[in-house]
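J.: One structure, pasted below without further comment.
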Amino acid sequence: MSYRTPPLVSLLPLVVVGVAIGLGIGWTVVLGFSASSALPLAKFAGLASYRRLLGDVRWWAALRHLLEFAVVFIPLTLAVGTMMAIALDRGIRHGRVWQTVFLYPYAISFVAAGIAWRWLLDPVAGLQSVLRAWGLGGSTEGWLANPETVLIAVAVAMSWQFAGFTMVILLAAMARTDRSLAAAARLDGIPEWRYYSRVLLPQLVPSYLAVSVILGGTSIRLFDAVVAMTNGGPGLASDVPARYVMDYLFNRTNLSLASAAATFLLVLAGFVLGIGWVVKLRATETAV
Amino acid sequence: MKYSASLARIGWLTFLSVTGLFLLLPLYVMLVTAFKPAGEIAPGHLLSWPIVWSTAAWREAWSSACTGVDCRGLSVGFVHSLALVGPATAIPVALGALTGYLLAFWRSIAAQRLFTLTLAVIFVPGQVFIYPWVKMVAAMGMFGSTPGLIFVHTVFGLPVLTLLFRQFFVSLPCEIFLASRLDGVGFWRFFLAVMLPAAWPMVLAAVVMQLTGVWNDYLLGLIFADRDFLPMTVQLNNIVNTTTGSRPYNVNMAATLLTSALPLLVYIVAGKAFVRGLAGRSA
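So the sequences go chain by chain: A and B.
Sequential numbering of the first sequence, starting at 1, is according to our numbering.
Sequential numbering of the second sequence, starting at 289, is according to our numbering.
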């Protein structure tokens, strides 16, 4: 069931979107090599902006923050998502209700989640004040106001949103595996934890890969949540690359620098995708 | 044997309950705070039930909260988002279904390459497109307008939607359409009369995904929206995060809940379609 040549009209949306995307990427890359600052300038400036970017302490700090964020966010989300998926896969009454509860955070915007968590983490009247009232903990400095913990706080908030998403992906993948293996394992007296760790989860490696890449992409793109929760603060302690780009695009208007930074992010995203691709290829090789 | 089985069950139930509570905590706090009068918001009382149930915060958030100089509340943004979400969902989903169908059945190397490209494009960070698209949309005379925002949402959403539909169409068994093919049905007729009806669950999933995506969007709305027609999410951030002085937390929480009401409603009503859209994305 296939066509050799589709009618040209049907290709139109694809072409328009393709041009918009291609032009967008190309233009940004080119701008990074130009001498533009507040206004675009069609003057070639070589690697000047890249040199400035790589010499900018703020950019390296932003990248470091991205890493610090991802190092908490991705494993935490995968771990909690896995536990949720296993808990529901084992079978439990009202599984649909549990799933609804676990997934609802993904339905709200990052801005809404960021605002909610900001209130929860308010140093004066938030969770910390409740802990103090109960006699536990004594720090009056908010987790969001402490540069050491602010990124962890943002990562926890994002994990809160994405754990359910991970669970759904994993559950869908689990449903596609050979379910008779579970029954066979039970008959053979294999303990449940071993069934899950040795039999089921290894079959889900492609899904883990896909989710990790998606979570990695989300980390690189991180912007809305930071704006809503901390606005980069305290100071620049939670500044992230996407925010850097936006800042130099609209506030400090240096188009070339912003474009160079955006291109850097593009390459980074491509890198993450590439790693995922390579791992996927290796995994399918060894499976055979 | 039985002892350890029920121990395991208790363990898992504990995990589920603790996790469930953790996930529901922000929602609970938001609700409880939004119904409190300003006086009840005090240190240590975050989790307490309101002593006096007040709807003042909700009313203020809806009709008199200030975004800059405009003090007409979130009701304004709600209408804007509602008007935006219709076309910004219908158009991308329709075009996504068409393009997915196209890529699924076009026998050529070009189709394969295009599909791989579509997949790769999904991971490009949005910030890469901002400046060029601002220029492009301005050149089309649509910058700072709702049609311009709809256009941008369409371009941004098409890769994911194409992916969803293409994967779905590829997974359909051939038998469904062999009969119609024999009748010599054309490309368009086939798409509209056979494929779309067969793809109904996927259309629903795509609509739910795109709808919540557009409603919850902040970045595109921030940049491309008509200044007099800001979507609700952008307005929410303006209301909550640009006030100086004391923060009216009850109003802020009411505002956040009002903004999240529609996507949550869609999620609860169409949960199954929501899940299908998510699962289809990873395929």
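Glycine included, C-beta positions come from ideal geometry on N, C-alpha and C.
This structure is a prediction, so every number in the text was calculated from the model and none was measured.
#1: Provide the residue span of the alpha helix (DSSP H) that contains residue 415 of chain B, from first to last.
#2: If we ignore side chains and look at the alpha-carbon of each, how far apart do residue 335 of chain B and residue 559 of chain B end up?
#3: What residue range is occupied by the uninterrupted alpha helix (DSSP H) comprising residue 221 of chain A?
#4: Where does residue 289 of chain B sit, in a helix, a strand or coil, going by DSSP?
#5: If we ignore side chains and look at the alpha-carbon of each, how far apart do residue 264 of chain A and residue 344 of chain B end up?
#6: So what does residue 358 of chain B bridge to, in DSSP terms?
#7: How would you list, in chain order, the residues of chain B whose beta-carbon sits under 8 Å from the beta-carbon of residue 255 of chain A?
#8: Can you pull the chain B residues whose beta carbon is under 8 Å from the beta carbon of residue 58 of chain A, in chain order?
#9: What's the C-alpha gap between residue 333 of chain B and residue 327 of chain B?
#10: So, using beta-carbon positions, are residue 498 of chain B and residue 399 of chain B closer together than 9 Å?
#11: Using a cut-off of 7 Å between C-beta atoms, extract the partners of residue 567 of chain B located in chain A.
#12: Given residue 515 of chain B, which residues of its chain have a CB within under 8 Å of its CB, disregarding the five upstream and five downstream residues?
#13: Rounded to whole angstroms, what is the Cα-Cα separation between residue 117 of chain A and residue 485 of chain B?
#14: When DSSP builds the beta bridges, which residues end up paired with residue 293 of chain A?
#15: May I have the straight-line CA-CA distance separating residue 170 of chain A from residue 519 of chain B, to the nearest angstrom?
#16: Using a Cβ cut-off of 8 Å, which residues of the stretch 292-323 of chain B contact any Cβ in chain A, in chain order?
#17: What did DSSP end up calling residue 394 of chain B once you bin it into helix, strand or coil?
#18: Given that a residue counts as buried once 16 or more other Cβ atoms are within 10 Å of its Cβ, and exposed if not, what is residue 43 of chain A?
#19: On the criterion of 16 or more Cβ atoms from any shown chain inside 10 Å, does residue 540 of chain B qualify as buried, or is it exposed?
#20: Answer with buried or exposed for residue 288 of chain A, where buried requires no fewer than 16 other C-beta atoms within 10 angstroms of its C-beta.
#21: Answer with buried or exposed for residue 339 of chain B, where buried requires no fewer than 16 other C-beta atoms within 10 angstroms of its C-beta.
#22: Which residue marks the beginning of the alpha helix (DSSP H) containing residue 148 of chain A, and which one marks its end?
#23: From A:191, A:266, A:6, A:109, pick the residue whose C-alpha is nearest to that of residue 245 of chain A; which is it?
#24: Let me know if residue 14 of chain A comes out buried or exposed under the rule of 16 or more other beta-carbons within 10 Å of its beta-carbon.
#25: Compare the C-alpha of residue 359 of chain B against each of B:331, B:561, B:524, B:545 and name the closest.
#26: Going by other Cβ atoms of all chains shown within 10 Å of its Cβ, with 16 needed for buried, is residue 450 of chain B buried or exposed?
#27: Against chain A, which members of the stretch 326-355 of chain B pass a CB distance test of less than 8 Å?
#28: Would residue 488 of chain B be called buried (16 or more neighbouring beta carbons within 10 Å of its own) or exposed?
#29: Give the straight-line distance between the Cα atoms of residue 303 of chain B and residue 268 of chain A, rounded to the nearest whole angstrom.
#30: Does the Cβ of residue 401 of chain B have 16 or more other Cβ atoms within 10 Å, making it buried, or fewer, making it exposed?
T.: In short, the structure shows the following:
#1: Careful: residue 415 of chain B lies outside any alpha helix (DSSP H) and carries neither H nor E.
#2: Taking the CA atoms as reference points, residue 335 of chain B sits about 28 Å from residue 559 of chain B.
#3: 205-221 is the span of the alpha helix (DSSP H), which, as asked, contains residue 221 of chain A.
#4: Residue confidence is low: residue 289 of chain B scores 48 on pLDDT, short of 50, so the model does not pin down where it sits. Its coordinate-derived value is still stated next. Here residue 289 of chain B sits in coil by DSSP.
#5: A straight-line Cα-Cα distance of about 48 Å links residue 264 of chain A and residue 344 of chain B.
#6: As a beta-bridge residue in DSSP terms, residue 358 of chain B pairs with B:355.
#7: Neighbours of residue 255 of chain A across chain B, judged by C-beta separation under 8 Å: 419.
#8: Chain B residues near residue 58 of chain A: none, gap ~16 Å exceeds 8 Å.
#9: If you take the alpha carbons of residue 333 of chain B and residue 327 of chain B, they lie about 11 Å apart.
#10: No, Cβ-Cβ distance for residue 498 of chain B and residue 399 of chain B is not below 9 Å.
#11: In chain order: 168, 169, 172.
#12: Cβ neighbours of residue 515 of chain B beyond the five flanking positions: 432.
#13: Cα to Cα, the separation comes out at about 42 Å.
#14: Only positions 1 to 288 of chain A appear in the structure, and residue 293 of chain A is not among them; the question remains open.
#15: Approximately 33 Å, taken between the alpha carbons.
#16: Those residues of the stretch 292-323 of chain B that come within reach of chain A (Cβ to Cβ, closer than 8 Å) are 296, 300, 301, 303, 304, 307, 308, 310, 311, 312, 313, 314, 315, 317, 318, 321.
#17: Strand.
#18: It counts as exposed.
#19: The residue is buried, with at least 16 neighbouring Cβ atoms inside 10 Å.
#20: Per-residue confidence for residue 288 of chain A stands at a pLDDT of 49, beneath the threshold of 50, marking its modelled position as unreliable; no derived number is given.
#21: Residue 339 of chain B should be labelled exposed.
#22: Taken as a continuous stretch (DSSP letters only), residue 148 of chain A belongs to no alpha helix (DSSP H), as it is neither H nor E.
#23: Relative to the Cα of residue 245 of chain A, the nearest Cα in the group A:191, A:266, A:6, A:109 belongs to A:266.
#24: Residue 14 of chain A comes out buried.
#25: Closest option to residue 359 of chain B, Cα to Cα, is B:524.
#26: Classification of residue 450 of chain B: buried, given that the 10 Å Cβ count is 16 or more.
#27: Listed by position along the chain: 329, 330, 331, 332, 333, 334, 335.
#28: Result: exposed.
#29: Approximately 36 Å, taken between the alpha carbons.
#30: Exposed: under 16 other Cβ atoms inside 10 Å.
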